[in-house]
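Novice: Numbering (the working numbering), first residue to last: -5 to 72.
#1: Roughly how many angstroms lie between the CA atoms of residue 30 and residue 49, to the nearest whole one?
#2: Where residue 2 and residue 37 are concerned, what is the direct C-alpha to C-alpha distance, given to the nearest angstrom?
#3: Give me the Cα-Cα distance between residue 17 and residue 33, rounded to the nearest whole angstrom.
#4: In angstroms, rounded to a whole number, what distance separates the CA positions of residue 11 and residue 45?
#5: Return the first residue and the last residue of the alpha helix (DSSP H) that residue 5 is part of.
Right, here's the structure in full:
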């Protein structure tokens, strides 16, 4: 994410096969579960929620770490 060429190009070449339509389709249930969990957590938090900090920032990172096979226990570090 925060890399420039040529480092970015090397990472992209290794990771791009994980971002196929087929692979993302396979992960759809896990993606939906992640989204549902974040929404449920926001709803449980009371009358107000911070959409950016509670949803928009963590969801992509959680989904990508899942896509890459990062164990659930390690996803907070991702």
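Just so you know, even glycine gets a beta-carbon here, dropped at the ideal spot from N, CA and C.
Specialist: Reading it off the structure:
#1: For the purposes of this step, residue 30 is taken as the residue at position 36 of the chain shown. For the purposes of this step, residue 49 is taken as the residue at position 55 of the chain shown. Using only the alpha carbons, I get a separation of about 10 Å.
#2: Walking along the chain shown from the start, residue 2 turns up at place 8. Walking along the chain shown from the start, residue 37 turns up at place 43. Distance between the alpha carbons of residue 2 and residue 37: 37 Å.
#3: Translated into positions along the chain shown, residue 17 becomes position 23. Translated into positions along the chain shown, residue 33 becomes position 39. One C-alpha to the other measures close to 24 Å.
#4: Residue 11 sits at position 17 when you count from the first residue of the chain shown. Residue 45 sits at position 51 when you count from the first residue of the chain shown. Those two C-alpha atoms are separated by around 31 Å.
#5: Here residue 5 corresponds to residue number 11 of the chain shown, with the count starting at 1. Element bounds for residue 5: 1 to 9.
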